[in-house]
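Peer 1:
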Amino acid sequence: ASSTAGVSQVLNRYTFASTLSHLRRTNTPIGRDGKIAKPRQLHNTHWGLVCPAETPEGQACGLVKNLSLMCYVSVGSPSEPLIEFMINRGMEVVEEYEPLRYPHATKIFVNGTWVGVHQDPKHLVSQVLDTRRKSYLQFEVSLIREIRDQEFKIFSDAGRVMRPVFTVQQEDDPDSGIEKGHLVLTKDLVHRLAKEQSEPPDDPSAKLGWEGLIRAGAVEYLDAEEEETSMICMTPEDLELYRLQKAGVAVDDDPGDEPNKRLKTRTNPTTHMYTHCEIHPSMIL
288 ASSTAGVSQV LNRYTFASTL SHLRRTNTPI GRDGKIAKPR QLHNTHWGLV
338 CPAETPEGQA CGLVKNLSLM CYVSVGSPSE PLIEFMINRG MEVVEEYEPL
388 RYPHATKIFV NGTWVGVHQD PKHLVSQVLD TRRKSYLQFE VSLIREIRDQ
438 EFKIFSDAGR VMRPVFTVQQ EDDPDSGIEK GHLVLTKDLV HRLAKEQSEP
488 PDDPSAKLGW EGLIRAGAVE YLDAEEEETS MICMTPEDLE LYRLQKAGVA
538 VDDDPGDEPN KRLKTRTNPT THMYTHCEIH PSMIL
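Numbering (our numbering), first residue to last: 288 to 572.
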């Protein structure tokens with residue numbers, strides 16, 4: 288038997304807020320009397336996953352953290368259908384792989400296990416991404432394409448922290464009418480959500496809701512690893528600025544002395560393309 292202390296705890300019931308806070312608490316198993324400051328400090332990779340403000344004072348400061356508002360922990364899904372899907376899409380299983388025949392093939396890893404190689408990774412990645420956006424794949428499966436290392440990594444295991452972001456249309460879509468560089472979340476979807484709030488539909492399965500946004504591909508969950516390969520802009524307005532800049536319009540970054548204006552970094556003219564957009568900057572808390 289292991290001797291880990293504090294596995295079961297009595298849930299805090301002082302106030303409603305303290306109960307919610309206790310339910311999303313995380314613990315770093317380092318001795319509380321350690322002299323090292325590094326594990327206690329805020330790290331930039333915590334962005335959107337761990338609250339930068341909520342941590343106890345004193346002994347456990349920075350070692351006990353809380354998950355952010357929209358942070359979600361994956362529950363895991365089986366990887367077999369995924370491998371099956373890719374074999375049907377031209378993936379060569381690792382047992383039959385001949386390095387001399389395909390020296391530049393991209394390796395495919397599922398949950399850390401090398402399962403096969405593929406000749407045309409760009410096409411495969413876009414197909415798998417598409418199936419996830421159309422919700423044939425579990426929304427919590429994360430897809431990472433490392434172009435430099437010629438690897439395509441897929442994770443469907445449990446215990447990864449993820450957060451939702453809005454998706455940005457990558458190519459013009461004639462079916463839905465969404466142009467490249469616009470949010471996949473359209474005005475129609477927003478109006479539908481607002482209407483459901485005021486008058487819920489009689490048939491619960493017709494309800495859009497949050498799950499509907501995921502099914503529509505307007506919202507996507509990214510884990511820390513997939514976020515590394517994404518380009519996320521802060522607000523839809525920044526996306527608007529980016530589009531104007533790409534169209535060759537001179538963009539004025541400084542709209543005067545508006546006192547309540549959000550502080551923001553200058554738009555980077557070298558940005559190739561945004562892939563996602565933050566839901567709201569305050570979701571880091």
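Backbone N, C-alpha and C define an ideal beta-carbon position, used for all residues, glycine too.
Only a predicted model underlies this, so the values are computations on that prediction, with no experimental measurement involved.
Excluding five sequence neighbours on each side, which residues of the same chain lie with their C-beta closer than 7 Å to the C-beta of His309?
Peer 2: Stepping through the sequence shown from its first residue, residue 309 is reached at position 22. So the list reads Leu298, Asn299, once near-sequence residues are dropped.
Peer 1: Where does Gly446 land, buried or exposed, given buried means 16+ other C-beta within 10 angstroms?
Peer 2: Position 159 of the sequence shown holds residue 446. So Gly446 ends up on the exposed side.
Peer 1: Excluding five sequence neighbours on each side, which residues of the same chain lie with their C-beta closer than 6 Å to the C-beta of Arg530?
Peer 2: Locating residue 530 in the sequence shown gives position 243, counting from the first residue. Only Gly468 meet the Cβ criterion.
Peer 1: Thr418 lies in the alpha helix (DSSP H); which residues open and close that run?
Peer 2: Within the sequence shown, residue 418 is the residue found at index 131, counting from 1. Note, Thr418: alpha helix (DSSP H), 408 to 420.
Peer 1: Along the chain, where does the alpha helix (DSSP H) that runs through Phe303 open and close?
Peer 2: As a first step, residue 303 must be located in the sequence shown, where it is residue number 16. Looking at the DSSP string, the run of the alpha helix (DSSP H) that includes Phe303 is 303 to 310.
Peer 1: Helix, strand or coil for Arg432 per DSSP?
Peer 2: Counted from its first residue, the sequence shown places residue 432 at position 145. It is a strand residue.
Peer 1: If you follow the alpha helix (DSSP H) that Pro523 is part of, which residue opens it and which one closes it?
Peer 2: As a working mapping, residue 523 is identified with position 236 in the sequence shown. 523 to 533 is the span of the alpha helix (DSSP H), which, as asked, contains Pro523.
Peer 1: Whole angstroms are fine: how far does the CA of Val428 sit from the CA of Glu249?
Peer 2: With the chain represented from 288 up to 572, any question about residue 249 goes unanswered, as that position is not in the structure.
Peer 1: Let's see if you can read the secondary structure: which residues bound the alpha helix (DSSP H) around Gly257?
Peer 2: What the structure shows of the chain is the stretch from 288 to 572, and residue 257 is not part of that stretch, so it cannot be assessed.
Peer 1: Per DSSP, what are the beta-bridge partners of Trp334 in this structure?
Peer 2: If you number the sequence shown from 1, residue 334 lands on position 47. None; Trp334 has no bridge partner.
Peer 1: Using a Cβ-Cβ cutoff of less than 8 Å, which residues in the same chain neighbour Ser355 once the five nearest sequence positions on both sides are dropped?
Peer 2: Taking the first residue of the sequence shown as position 1, residue 355 is located at position 68. Correct list, in chain order: Gly335, Leu336, Val337, Cys338, Arg450, Met570, Ile571, Leu572.
Peer 1: Compare the Cα-Cα distances from Lys548 to each of Thr558, Ala534, Glu524, Met560 and report the closest residue.
Peer 2: Position 261 of the sequence shown, counted from the first residue, corresponds to residue 548. Ranking Thr558, Ala534, Glu524, Met560 by Cα distance to Lys548 puts Glu524 first.
Peer 1: Please state whether DSSP places Asn353 in a helix, a strand or coil.
Peer 2: Locating residue 353 in the sequence shown gives position 66, counting from the first residue. Residue state, collapsed to three classes: strand.
Peer 1: Which stretch, first to last residue, makes up the beta strand (DSSP E) that contains Pro451?
Peer 2: Position 164 of the sequence shown holds residue 451. Its beta strand (DSSP E) spans residues 445 to 454.
Peer 1: To the nearest angstrom, how far is it from the Cα of His405 to the Cα of Gly504?
Peer 2: Residue numbering aside, residue 405 sits at position 118 when the sequence shown is read from its first letter. Residue numbering aside, residue 504 sits at position 217 when the sequence shown is read from its first letter. Between His405 and Gly504, the C-alpha separation is close to 26 Å.
Peer 1: For the beta strand (DSSP E) holding Lys394, just list the boundary residues, first then last.
Peer 2: Numbered from its first residue, the sequence shown carries residue 394 at position 107. Element bounds for Lys394: 393 to 397.
Peer 1: With a threshold of 6 Å on Cβ separation, who are the neighbours of Glu513 within its own chain once the five nearest residues in sequence on each side are excluded?
Peer 2: To locate residue 513, count along the sequence shown from 1; it is residue 226. Result list for Glu513: Ser429, Ile431, in chain order.
Peer 1: Quick one: what does DSSP say Ile370 is sitting in, helix, strand or coil?
Peer 2: Here residue 370 refers to the residue found at position 83 of the sequence shown. Three-state DSSP puts Ile370 in a helix.
Peer 1: Excluding the five sequence neighbours on either side, which residues of its own chain have a C-beta within less than 8 Å of the C-beta of Thr554, listed in chain order?
Peer 2: For the purposes of this step, residue 554 is taken as residue 267 along the sequence shown, with counting starting at 1. Answer for Thr554: Asp525, Leu528, Tyr529, Gln532, Val538, Asp540, listed in chain order.
Peer 1: Could you tell me the boundaries of the beta strand (DSSP E) in which His405 lies?
Peer 2: Here residue 405 refers to the residue found at position 118 of the sequence shown. Unbroken beta strand (DSSP E) run through His405: 400 to 405.
Peer 1: I'd like to confirm the pairing. Which residues does DSSP put opposite Thr313 in its beta bridges?
Peer 2: Within the sequence shown, residue 313 is the residue found at index 26, counting from 1. Answer is Lys352, bridged to Thr313.
Peer 1: Do Gly403 and Val381 count as a contact pair if the criterion is CB distance below 8 Å?
Peer 2: For the purposes of this step, residue 381 is taken as residue 94 along the sequence shown, with counting starting at 1. For the purposes of this step, residue 403 is taken as residue 116 along the sequence shown, with counting starting at 1. Contact flag set, yes.
Peer 1: Please report the straight-line C-alpha distance between Tyr359 and Pro488, rounded to a whole angstrom.
Peer 2: For the purposes of this step, residue 359 is identified with residue 72 of the sequence shown, where counting begins at 1. For the purposes of this step, residue 488 is identified with residue 201 of the sequence shown, where counting begins at 1. Going by the C-alpha atoms only, they are around 27 Å apart.
Peer 1: Tell me which same chain residues have a C-beta within less than 8 Å of the C-beta of Lys494, skipping the five on either side of it?
Peer 2: By 1-based counting over the sequence shown, the position of residue 494 is 207. Cβ within range, chain order: Glu483, Pro487, Pro488.
Peer 1: If you measure between the beta carbons of Thr302 and Leu350, is that distance less than 8 Å?
Peer 2: Taking the sequence shown and counting its residues from 1, one reaches residue 302 at position 15. Taking the sequence shown and counting its residues from 1, one reaches residue 350 at position 63. Not in contact: Thr302 and Leu350 (Cβ atoms no closer than 8 Å).
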